[in-house]
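Residue numbers (this note's numbering): 348 to 640. Just so you know, even glycine gets a beta-carbon here, dropped at the ideal spot from N, CA and C. A quick write-up on the structure given underneath.
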């Protein structure tokens, strides 16, 4: 009896060929993106989004585990460090941090300039232990990210309802004192998307909160990175981000009912941050980039 000749299964051959073709296409896109700015933007923006969604889900799982272990105050820190360790190298972002020891102060109100989507990576690199974020109430409805923020103790602020905002801050003060945690706020209230070293006007919520809780303000200033990332101009070159943490600004003795105290604290903090922003921001030519319009 003659032995039967084995028959190749086309599906397996096709599958291996498909994988090889897919790998070739993806590899070509990634390599090509190094030389084509628009393609580079698309690829790196996609990678950033994938990492953000993945680590939002990862953070939600971590939040449950850390809560059970009694380590809820480390949820944001652990998730942030994991996120930036993966995401930053993928898109070519590096960091230079100055005066990081000021991040060890607690409890304080951290205030940071708000530029664009890359701010998430800045949070990943610098975010301290025992700290929560303040975000607009709409963020709680963002899939995965909203769940993670809720589980990690984020403070959601309803800008449209002043009464609710005041109540939220009052509850935040109690939480700060009870848990000995710090709070991270972007006082500009929205992303600036500015192409020069400047700041939007500051909202006063962070300063009311600091005075009400009688805790210091620690400014965190990030160099303008519009030559590295700019969604409007479809730029995502990657590069070094400079972060400078400034000495704590005391609020002891200030009266939250005194408008002049709050106004002066807000103006002084913004000016200090603006001066620092201008001093640490390199020109595009210094970074080896040409200024695009």
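| Query | Result |
| --- | --- |
| Beta-carbon proximity of residue 564 to residue 458, cut-off 7 Å | yes |
| Three-state class that DSSP yields for residue 624 in the structure shown | helix |
| Candidates 449, 478, 417, 407: closest to residue 495 by CA position | 407 |
| Nearest residue (CA-CA) to residue 480, options 422, 432, 449, 525 | 422 |
| Between the CA atoms of residue 390 and residue 371 - distance to the nearest angstrom | In this predicted model, residue 371 has a pLDDT of only 46, less than 50, meaning its place in the structure is not dependable enough to derive any value. |
| Those residues which DSSP pairs with residue 478 across a bridge | 529 |
| Residues near residue 561 in its chain [Cβ-Cβ closer than 7 Å; skip 5 each side] | 598, 599 |
| Coarse secondary structure for residue 443, derived from DSSP in three states | strand |
| Cβ distance (whole Å) where residue 409 is taken to contact residue 426 below 8 Å | 6 Å |
| C-beta atoms of residue 619 and residue 553 nearer than 7 Å | no |
| Alpha-carbon to alpha-carbon, residue 589 and residue 626 | 11 Å |
| Burial state of residue 555, where buried means 16 or more other Cβ atoms lie within 10 Å | buried |
| Identified DSSP bridge partners for residue 588 | 442 |
| Contacts around residue 612, its chain only, beta-carbon distance under 8 Å, and the 5 residues preceding and following it disregarded | 554, 557, 558, 564, 596, 598, 601 |
| Proximity winner among 607, 463, 404, 388, relative to residue 569 (alpha-carbon distances) | 463 |
| Touch test, the region 523 to 540 against the region 429 to 438, Cβ-Cβ under 8 Å, three pairs minimum | no |
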